[in-house]
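Worksheet: the structure to be examined is printed underneath.
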Amino acid sequence: MIKTAKEQFLQKHNYQSLNIKAALFDMDGVLFNSMPLHAKAWVEALRKLGINFSEYEVYLNEGRTGFSTIDEQFLKQFGRHSTEQEQREIYAQKSAIFKSMPKPAPITGTLDIVKYLANNKIARLVVTGSGEETTLNRVAEHYPNLFDRKQMVTAHDVKLGKPHPEPYLMGLSKAQVAANEAIVIENAPLGIRAGVAAGIFTIGINTGILKREDLINAGADLVFDNMHEFLLSIEEIIH
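Residues 1 to 239, numbered by the working numbering, are exactly what the sequence shown covers, in order.
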């Protein structure tokens, strides 16, 4: 399965080789089990405005910047764009709700994967559509000396969030590697689409409530049902 996926990837992008030097990690749902909390916060914040936004839809929209998510829902349900003031106020409400919730725990198995990559001299970067400083600051706490805060790509760094390839292209630039020298590790369809659009070998890990097909249909080169499955295969993927 892995050999076939790698061969298909090389043929699709007309690359000569896949020589992994960097791993680009999404944060929510990959490093931390924060998506259930984000989902509840979004649902509650938008419900106050009369916007129906289910938790499943939150997972499907994960990866967008907060402002983009708000604007998308205004267009769908009110037929107009949201104003910058509305975006700031609504996102502030959503953030306040999120911060009032328990701190999310790391995703089981991810630390072992990150340590394996570090031991094999593979650079590790965080590429997230989130701007939640509370979670960003906890990366150093739970993944000590494994990620460089200066090399993170967040909602504060990009103009175009996922599914646009900009975040992952910026990640490649910060890692100083080419697209065929990296892998993307994602749990969300929009993030997978962004990784694929950037020309990077993209791995989907279904850590949430989505259907496996949601990740496959987004174009993931490989899909695993949990981090343990990924860990068992990572040596073959990297080497």
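The beta carbon of each residue, even a glycine, is placed where N, CA and C say it ideally should be.
To which residues does DSSP link residue i through a beta bridge?
i, result
"Pro106", "Phe32"
"Ile205", "Phe224"
"Phe98", "Bridge partners of Phe98: none, in fact."
"Arg193", "DSSP lists no partner for Arg193."
"Arg212", "Answer by DSSP bridge pairing: none, since Arg212 is not bridged."
"Ile138", "Note on residue identity: the sequence assigns Arg, not Ile, to residue 138. BP columns for Arg138 are empty, so no partner."
"Glu62", "Arg64"
Does DSSP put residue i in a helix, in a strand, or in coil?
i, result
"Phe147", "coil"
"Ala123", "strand"
"Thr128", "coil"
"Ile200", "coil"
"Ile183", "strand"
"Val114", "helix"
"Leu24", "strand"
"Val153", "strand"
"Arg47", "helix"
"Arg88", "helix"
"His81", "coil"
"Tyr15", "coil"
"Ser262", "Coverage of the chain is limited to positions 1 through 239, which leaves residue 262 absent and any answer about it impossible."
"Phe230", "helix"
"Ala5", "helix"
"Phe276", "Not covered by the structure: residue 276. The range shown for the chain is 1 to 239."
"Ala39", "helix"
Give the single residue among the options whose Cα lies nearest to the Cα of residue i.
i, options, result
"Ser54", "Trp42, Lys48, Tyr116 and Leu31", "Trp42"
"Pro102", "Lys150, Asp71 and Thr135", "Thr135"
"His124", "Thr83, Phe78, Thr108 and Ala182", "It is worth fixing the name first, because residue 124 is Arg in this sequence and not His. Ranking Thr83, Phe78, Thr108 and Ala182 by Cα distance to Arg124 puts Ala182 first."
"Met152", "Gly208, Tyr168, Glu141 and Glu235", "Tyr168"
"Glu229", "His164, Thr108 and Val58", "Thr108"
"Gln73", "Ala92, Asn52 and Ala197", "Asn52"
"Val30", "Pro106, Glu44 and Lys211", "Pro106"
"Gly129", "Pro144, Thr110 and Pro189", "Pro189"
"Leu46", "Ile97, Ile2, Lys3 and Ile122", "Ile97"
"Thr110", "Gly131, Gly79, Phe147 and Lys94", "Phe147"
"Gly131", "Ile20, Asn206, Gly63 and Gly208", "Gly63"
"Gly79", "Gln85, Asp71 and Glu86", "Asp71"
"Val58", "Leu210, Phe224 and Ala220", "Leu210"
"Ser173", "Ala23, Pro104, Arg193 and Asn14", "Ala23"
"Pro144", "Met35, Leu49 and Lys115", "Lys115"
"Gly208", "Ala39, Met1 and Asn14", "Ala39"
"His164", "Leu75, Pro36 and Ser68", "Ser68"
Pull up the distance between the alpha-carbon of residue i and that of residue j, whole angstroms please.
i, j, result
"Asp157", "Val184", "18 Å"
"Thr246", "Thr65", "No information on residue 246 is available, as it lies outside the stretch 1 to 239 that the chain covers here."
"Ala18", "Phe9", "A small fix is needed here, since residue 18 is Leu in this sequence, not Ala. One C-alpha to the other measures close to 9 Å."
"Leu117", "Asp26", "15 Å"
"Thr154", "Val126", "8 Å"
"Ala240", "Lys150", "Coverage of the chain is limited to positions 1 through 239, which leaves residue 240 absent and any answer about it impossible."
"Gly191", "Gly204", "9 Å"
"Glu44", "Gln16", "48 Å"
"Asn137", "Glu7", "38 Å"
"Ala198", "Glu236", "23 Å"
"Gln77", "Lys3", "45 Å"
"Leu160", "Glu166", "6 Å"
"Pro104", "Ser95", "14 Å"
Below 8 Å on the Cβ atoms is my contact criterion, and I expect residue i with residue j to pass it. Report the Cβ-Cβ distance as a whole number of Å.
i, j, result
"Leu222", "Ala5", "5 Å"
"Ile113", "Ile238", "Wrong, their Cβ atoms sit about 10 Å apart, outside the cutoff."
"Lys12", "Val177", "Not a contact, Cβ separation roughly 19 Å."
"Ala220", "Thr202", "5 Å"
"Ala218", "Arg193", "5 Å"
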